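With our numbering applied, the sequence shown has no gaps in its numbers, which climb one by one up to 374 at the end.
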Amino acid sequence: FPNSFYTDFYRGGYLSDEVKQTAAKELKNLNRFGVDADMAMFFRHQLDTIFKLTGWSYTARVAERRHLNLEMTKDFFNVGFFGNAMYENKTANLARFQLDFVSYQQFGLGLEKTIILKENIHQIGLMGNFLNGRNAQRALVNKANLYTATDGEYLNLEIEGKYNRTDTIKNKQVIPNPSKGVGFSVEMYYQLITKEKHKLQIAVLDFGYLYWKNSAIAYNYDTLFRFEGINIPNLVSINDSLIKLSVDSVVNLGKRNSNKSFKTILPAWFTVNYNHILVQDKFVLNFSGRYRFNDVYLPFIAVGGTYYYKRNTSASISVGYGGYGNLNYGVNIQQRIWKY
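Okay, here's the thing in structure tokens:
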């Protein structure tokens, strides 16, 4: 998508036909999108001894985390932004559609252990996190077909799916961010640094769940809806009772189960990184792979290199495939300013 599409959409600005058409040209049959917004404070302290044992450290973290992912078809985008006129006497395939949003606070405590064997450094870390849930939404539609008859005489919508969200009623308590759910997650990592300074890292991050309270709302859809227009016998005296089709009535096609709690499995990461020194203090070759559970994220594999111009100055380039997109590339320049 062009940058103007994202910025205008986020700001609530007007999306011109030119911007929407440019975006539509880039769409595949199935499209993915994802974003993370995290803020955190992390503390680590290496101990001289703990229970008369050396090589131990303890860690602590406080974080605010938000995650959004979306999977949609090209037809879903076209109907949403252009309408259904282009699908006259055709069926628009609106599924598979998946939307996940989760917002939570994280409080973690952990331990790290460093072991030296045959001049090789082994590091193992484990952290447990208590989670305070803020908000969540989840929509999963496995089947959704919209048929538009000739001249728009009628519409047929066949839909099967479910939608869950936390209660949207604003809480007027003194605490500005009341808890709507609780949960727990763990993080584990292993790092090997050989005497030749090769480095291997394997990690599982944010593996856990959030359990939302009974104020959450759930909808289940499994129906065939037919719309043949709105009958207005007198244009002079239009009243609300004559117009019965609205956004709410479409939502209510599904069975609503209020006061029903649900569970969110966090989009945990599994990552592998390997660095191989080709020229000591000059050039390092990097391999990385990562996968995200319970998400629309595809397995991601990348290769790149880092060149050290000086000890504190480096430049990196990488090329990868997968994730929320297809081909990914990046350039990074880093300068360490202070001695430590």
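Built from N, CA and C at the ideal position, the CB exists for glycine as well.
Here the structure is a predicted model, which is why all the values come from computation and not from measurement.
For Asn123 against Thr41, the beta-carbon gap comes to about 36 angstroms, at or over 8 angstroms, which does not count as contact. Two segments are said to touch when three or more pairs of C-beta atoms, one from each, lie closer than 8 angstroms; by this definition the segment 85-96 does not touch the segment 340-351.
Gln140 is classed as buried because its beta carbon has at least 16 other beta carbons within 10 Å across all chains shown.
The beta carbon of Val238 sits closer than 6 angstroms to the beta carbons of Met222 and Phe304 from its chain, once the five residues preceding and following it are set aside; these are given in chain order. For a cut-off of 8 angstroms, the C-beta gap from Pro301 to Asp329 is around 4 angstroms, short enough to register as a contact. At a Cβ-Cβ threshold of 8 angstroms, Ile227 and Ile155 count as neighbours. As computed with DSSP, Met106 is found in a beta bridge with Asn65. The DSSP-derived three-state label of Lys344 is strand.
Taken through DSSP and simplified to helix, strand or coil, Arg78 comes out as strand.
Contact between the segment 306-317 and the segment 171-191 is absent: fewer than 3 CB-CB pairs across the two stretches fall below 8 angstroms.
For the pair Phe334 and Gly356, the CB atoms are nearer than the 8 angstroms cut-off.
The beta carbon of Ser137 sits closer than 6 angstroms to the beta carbons of Arg100, Arg168 and Asn169 from its chain, once the five residues preceding and following it are set aside; these are given in chain order. Of all alpha-carbon atoms in Pro267, Gln55, Ala129 and Phe116, the one lying nearest the alpha-carbon of Met106 is that of Ala129.
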